[in-house]
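Participant: Before I ask anything, here is the structure I am working with.
Chains as they are written, first to last, in UniProt numbering: chain A, 1 to 330; chain B, 1 to 317; chain C, 1 to 308.
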């Protein structure tokens, strides 16, 4: 694995202007993905993980949504400063994305085959015939038999698992350098989930494609990730190598997440859940956004935001607990 | 499929039968008739004519005779024009159809384009402008806008003829004839398009707004498609789909003519024919016309239903 | 399935709020933000004031025939000129507006009442009652409304209804033609409401029919009805004007906007004296467009799902 990064997000802030005020859905986050690496973004719904992905794709919808600040460096160019046409030539080509709901992510009135051939025709400059041929290969590649019949069918005629395979086939059709997968297995049955994840891993190892995987499922993280980023209320609260992070979670939120996951053979009387709720994004004040739910809450947590600092072994965390510790050590 | 269709068909026939009875009674109820109102006739002649047309028979008997004839393709004989009603319809309906088909085509074209753009730029100044335009078009009294445009474009500026289908006394043929008709139909077509375009634009706009929020539109963008392709291929296909049901509802308007517009522009269509017949109480024609529209309405509704099932790959009967 | 982005913005707005009065207050606040709707409302209010209060300030309300002032173009004394009997057109327009607005509102009230009542009965009791009511509604919707209006209008003329009473009968006619589509809508709403959880709860609680209908179902229809009622006024004003324009609605000397245009629909008045027919036409247009815009704003606020 090389050390330079394929995708480098720096100080990204994505805001939504609503009638009630501005929601800072993503608030000053930085992360990078190296070639061939699988990076997972973990967090509860509404923490900004999907918005981060959509920001990279340039799919934040004006006028309510806007990228307020930051740089998204992909393969040496800042995506945010590219022209719309230039960005479009990267989208679906060098960066591809699959979504959470396979059932609604494909156009109901256009055949599978036509939807699959579109990116091939635009990005790979194939003619219709070549594209059709490639579509059949791709369908076989994602493990679906009878490709001719599938290509002619409409989305409602296929199951969710098959549709997600089709989505993956569309995504890998132009050999992207980066695949963004936004909760790709959440809407599927457990058995299908494993197949889809296996498939993603396989394509990664075949083509050295990087994957930015967005999920709330720590099982998926443990299975897939090389590197993990934990988000909460639009901020990164902790990040690190997957083994390290699972063994040594520092941030109380990460600890809580890991504790609330049921572990086989260890039946507890009651499943742990983090007390309280995610704060209203409109009412956020300068503070650690987790302080209301944190069992270690201190005075400073209520008034100041903790910076994201290196802790150990490349792990970083944003928590005043370790800030104090660091200060003592110095 | 077939049992559903049979049920719908059965109900359609029932409604038509009930409608025919109602229409007949309504016109029978309307006081005055063609003969009584005609001062040129002597009392003896009037009685003779009443006898001849069966107007002195009881109501129900007259209805049965009328329906029986209708089933045999005979909708009666116009008292005023002294011709069979069906023959008159055939003469006039195509003039109405000409106006309707051109203005319907324009209405749909304009509504789709403006609706799509307004939805895409929702809340922009363009969208607000379109919304006001939509409401304006929906709020104009048809006869007033007709008179107003005649006054400005025909009377004051003399750009277009104020009415009719041909210049009086004209005997143009071929291309000249065609040109003359187009010249005469411009103004009524403008008015009819204006009157229809509001609600249809609004319909397409709100359909498009629903559609462009769907996940598959995001997927289309994520694939790197151009905005034009996203809008006009992926979104529009979905937004047009429910509009197919409207095609059926357009049916009465296509063939039924427009009472008001044809009257104002003196266009020799079926609506104008109705208005003329109404003043002289030419009942066979009036009943025939109303029944004609009722049939079109019912068939149109049925057609919409079927078309929707045919068009949407998701719906199976 | 709305996009994630919509979801994000919703997190903030979907906080629980229970109190009923605050819901209305919130609706009003939302409505006030819609500048177009506020503008529409302002025009509606203006037209009402003009028609109902305006004539009080006019020196020409007696409609005296004044042979010396016949067919005068707009001037300093008569802002919109005078008609063939020397009457002030502005005053006539205002007085006509009284009738047109009254007819519009009254026939709306009547058709909303009939439509809601029949629709509610059909949707609530279903079975044979529903069948009969809805079949009649279907039937009336099959027959084109303009010929229907014309027939009724002709009936009025032949029965020699005194002109003073004609406006009341016109109201009745308009509501007779207007109720079926309303009844259909109310019934549809009721049927879907019946299936909702809170109605299941009333069954479990063993409430009586009337109580269920009046206390639990109808209040849920109120927002929809307000919207429809508003938009219906516009439609009724338009229909009345058409009817009166063809001489089948309200007849002179009772002025309405429609019959004022009809009165001027002859070669000379039409070509040479636009002040006789353009002002009433624009009054209809301004009133109806304002009502439609305001009604649409109301719909956005009260009944956001019912878009279109």
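Cβ atoms here follow ideal geometry from the backbone N, Cα and C, with glycine treated the same way. Quantities reported herein were computed from a predicted structural model and do not represent experimental measurements.
Here's a check: name, in chain order, each residue in its chain whose Cβ is nearer than 8 Å to the Cβ of residue 287 of chain A, leaving out the five neighbours to either side.
Facilitator: Along the first chain, read from residue 1 onward, the residue named residue 287 of chain A stands at position 287. Excluding residues within five positions, the ones whose Cβ falls inside 8 Å are 301, 302, 303, 304 and 305.
Participant: Could you check where the alpha helix (DSSP H) with residue 294 of chain A kicks off and where it finishes?
Facilitator: Working through the first chain from its first residue, we reach residue 294 of chain A at position 294. Here residue 294 of chain A belongs to no alpha helix (DSSP H), and DSSP marks it neither H nor E.
Participant: Inspect the CB distances between the stretch 180-197 of chain C and the stretch 109-125 of chain C and report whether three or more fall short of 8 Å.
Facilitator: They touch, by the three-pair rule.
Participant: Measure the Cβ-Cβ separation of residue 92 of chain A and residue 224 of chain B and say whether it is below 7 Å.
Facilitator: Looking up residue 92 of chain A in the first chain gives position 92. Looking up residue 224 of chain B in the second chain gives position 224. Their beta carbons are under 7 Å apart, which means residue 92 of chain A touches residue 224 of chain B by this criterion.
Participant: Can you look up residue 214 of chain B in the DSSP assignment and give me helix, strand or coil?
Facilitator: Within the second chain, residue 214 of chain B is the residue found at index 214, counting from 1. Coil at residue 214 of chain B, not helix or strand.
Participant: I'd like to know if residue 223 of chain B contacts chain A, where contact means its C-beta is closer than 7 Å to some C-beta of that chain.
Facilitator: If you number the second chain from 1, residue 223 of chain B lands on position 223. Judged by the 7 Å Cβ criterion, residue 223 of chain B is in contact with chain A.
Participant: Can you confirm whether residue 351 of chain B, when its beta carbon is compared against all beta carbons of chain A, has any partner nearer than 7 Å?
Facilitator: Residue 351 of chain B lies beyond the stretch modelled for chain B, which goes from 1 to 317, so this question has no answer here.
Participant: Determine, using beta carbons only, whether residue 142 of chain A comes closer than 7 Å to chain B.
Facilitator: Position 142 of the first chain, counted from the first residue, corresponds to residue 142 of chain A. Output row for residue 142 of chain A: interface = no.
Participant: Whose C-beta lies closer than 8 Å to the C-beta of residue 284 of chain C among residues of the same chain, with five residues either side of it excluded?
Facilitator: Within the third chain, residue 284 of chain C is the residue found at index 284, counting from 1. Contacts found: 100, 237, 238, 241, 257 and 258.
Participant: With 8 Å as the C-beta to C-beta threshold (strictly closer), list the residues of the stretch 210-235 of chain C near chain B in chain order.
Facilitator: Going along the stretch 210-235 of chain C in chain order, one finds 234 with a Cβ nearer than 8 Å to chain B.
Participant: If you follow the alpha helix (DSSP H) that residue 120 of chain A is part of, which residue opens it and which one closes it?
Facilitator: Sequence index remark: in the first chain, residue 120 of chain A carries index 120 (1-based). 112-123 is the extent of the alpha helix (DSSP H) around residue 120 of chain A.
Participant: Leaving out five residues on either side along the sequence, give the residues of the same chain with a beta carbon under 8 Å from the beta carbon of residue 223 of chain A.
Facilitator: As a first step, residue 223 of chain A must be located in the first chain, where it is residue number 223. Closer than 8 Å at the Cβ level, and outside the excluded window around residue 223 of chain A, lie 197.
Participant: I'd like to know whether the C-beta atoms of residue 120 of chain B and residue 107 of chain A end up nearer to each other than 7 Å.
Facilitator: For this step, residue 120 of chain B is matched to residue 120 along the second chain. For this step, residue 107 of chain A is matched to residue 107 along the first chain. No, the pair does not count as a contact, with Cβ atoms beyond the cut-off.
Participant: With a threshold of 16 other CB atoms inside 10 Å of the CB of residue 312 of chain A, please say whether the residue is buried or exposed.
Facilitator: For the purposes of this step, residue 312 of chain A is taken as residue 312 along the first chain, with counting starting at 1. Exposed is the call here.
Participant: Can you tell me whether residue 318 of chain A is buried or exposed? The criterion is at least 16 other CB atoms within 10 Å of its CB, across all chains shown.
Facilitator: Mapped onto the first chain, residue 318 of chain A falls at position 318. Residue 318 of chain A comes out buried.
Participant: Among the residues of its own chain, which have a CB less than 6 Å from the CB of residue 84 of chain B, if the five just before and after it don't count?
Facilitator: Taking the first residue of the second chain as position 1, residue 84 of chain B is located at position 84. The answer, listed in chain order, is 77.
Participant: Do three or more CB pairs link the stretch 13-33 of chain A to the stretch 190-207 of chain A at distances below 8 Å?
Facilitator: Segments in contact, no.
Participant: So with CB distances below 8 Å, who are the chain B contacts of residue 333 of chain A?
Facilitator: Because chain A here runs from 1 to 330, residue 333 of chain A falls outside it and cannot be looked at.
Participant: Which residues does DSSP pair with residue 10 of chain A in a beta bridge?
Facilitator: Within the first chain, numbered from 1, the residue matching residue 10 of chain A stands at position 10. Answer is A:71.
Participant: What in chain D is Cβ-close to residue 18 of chain B, meaning under 7 Å?
Facilitator: In the structure shown, chain D cannot be found, because the protein chains are A, B and C.
Participant: Report the partner residues of residue 239 of chain A according to the DSSP bridge assignment.
Facilitator: The residue you call residue 239 of chain A lines up with position 239 of the first chain. Paired residues: A:229 and A:316.
Participant: Just verifying my parser: in three-state terms, what is the DSSP assignment at residue 216 of chain A?
Facilitator: Taking the first chain and counting its residues from 1, the one referred to as residue 216 of chain A is at position 216. If DSSP states are grouped into helix, strand and coil, residue 216 of chain A belongs with coil.
Participant: Whether or not the stretch 116-124 of chain A and the stretch 169-176 of chain A are in contact is what I'm after, with contact meaning three or more pairs of Cβ atoms, one per stretch, closer than 8 Å; do they touch?
Facilitator: Counting Cβ pairs under 8 Å, three or more are found: they touch.
Participant: Could you tell me the alpha carbon to alpha carbon distance between residue 119 of chain C and residue 166 of chain B, rounded to whole angstroms?
Facilitator: Numbered from 1 along the third chain, position 119 holds the residue referred to as residue 119 of chain C. Numbered from 1 along the second chain, position 166 holds the residue referred to as residue 166 of chain B. Those two C-alpha atoms are separated by around 49 Å.
Participant: Answer with buried or exposed for residue 250 of chain A, where buried requires no fewer than 16 other C-beta atoms within 10 angstroms of its C-beta.
Facilitator: Stepping through the first chain from its first residue, residue 250 of chain A is reached at position 250. That one is buried.
Participant: Taking all protein chains shown into account, do 16 or more other C-beta atoms lie within 10 angstroms of the C-beta of residue 139 of chain B, making it buried, or fewer, making it exposed?
Facilitator: The sequence position of residue 139 of chain B within the second chain is 139, counting from 1. Buried, by the Cβ-count rule.
Participant: Could you tell me which of B:222, B:302, B:175 and B:219 sits nearest to residue 142 of chain C, measuring between CA atoms?
Facilitator: For the purposes of this step, residue 142 of chain C is taken as the residue at position 142 of the third chain. Checking every option, the nearest Cα to that of residue 142 of chain C belongs to B:302.
Participant: Given this structure, state the Cα-to-Cα distance separating residue 65 of chain C from residue 82 of chain C, to the nearest angstrom.
Facilitator: The residue given as residue 65 of chain C occupies position 65 in the third chain. The residue given as residue 82 of chain C occupies position 82 in the third chain. The straight-line gap from Cα to Cα measures roughly 10 Å.
Participant: Between B:271, B:221 and B:268, which lies nearest to residue 85 of chain A when the distance is taken from Cα to Cα?
Facilitator: By 1-based counting over the first chain, the position of residue 85 of chain A is 85. For residue 85 of chain A, the nearest C-alpha among the options comes from B:221.
Participant: Within the stretch 132-220 of chain C, note down every full beta strand (DSSP E) run reaching 3 residues or more, in order along the chain.
Facilitator: If we require 3 residues or more, the stretch 132-220 of chain C turns out to have no beta strand (DSSP E) run fully inside it.
Participant: Please state the DSSP three-state secondary structure of residue 159 of chain A.
Facilitator: By one-based count along the first chain, residue 159 of chain A stands at place 159. Here residue 159 of chain A sits in coil by DSSP.
Participant: Below 8 Å, how does it come out for the stretch 295-303 of chain C and the stretch 27-44 of chain C: are there three or more Cβ pairs, yes or no?
Facilitator: With a cut-off of 8 Å, the stretch 27-44 of chain C and the stretch 295-303 of chain C count as touching, because enough Cβ pairs lie within range.
Participant: Under 8 Å, with one C-beta from each stretch per pair, do the stretch 288-301 of chain B and the stretch 237-244 of chain B reach the 3-pair mark?
Facilitator: Touching, no, given that fewer than three Cβ pairs across the two stretches are closer than 8 Å.
Participant: Check whether the stretch 200-213 of chain B touches the stretch 126-134 of chain B, taking contact to mean three or more Cβ pairs, one atom from each stretch, closer than 8 Å.
Facilitator: Taking 8 Å as the limit for Cβ pairs, the verdict is that the stretch 126-134 of chain B does touch the stretch 200-213 of chain B.
Participant: Where does residue 19 of chain C sit, in a helix, a strand or coil, going by DSSP?
Facilitator: By one-based count along the third chain, residue 19 of chain C stands at place 19. Only weak support exists for where residue 19 of chain C lies, its pLDDT of 45 falling under 50; the value from the coordinates is given anyway. Residue 19 of chain C falls in the coil class under three-state DSSP.
Participant: If you draw a straight line from the alpha carbon of residue 97 of chain A to that of residue 26 of chain C, how long is it in whole angstroms?
Facilitator: Translated into positions along the first chain, residue 97 of chain A becomes position 97. Translated into positions along the third chain, residue 26 of chain C becomes position 26. About 40 Å.
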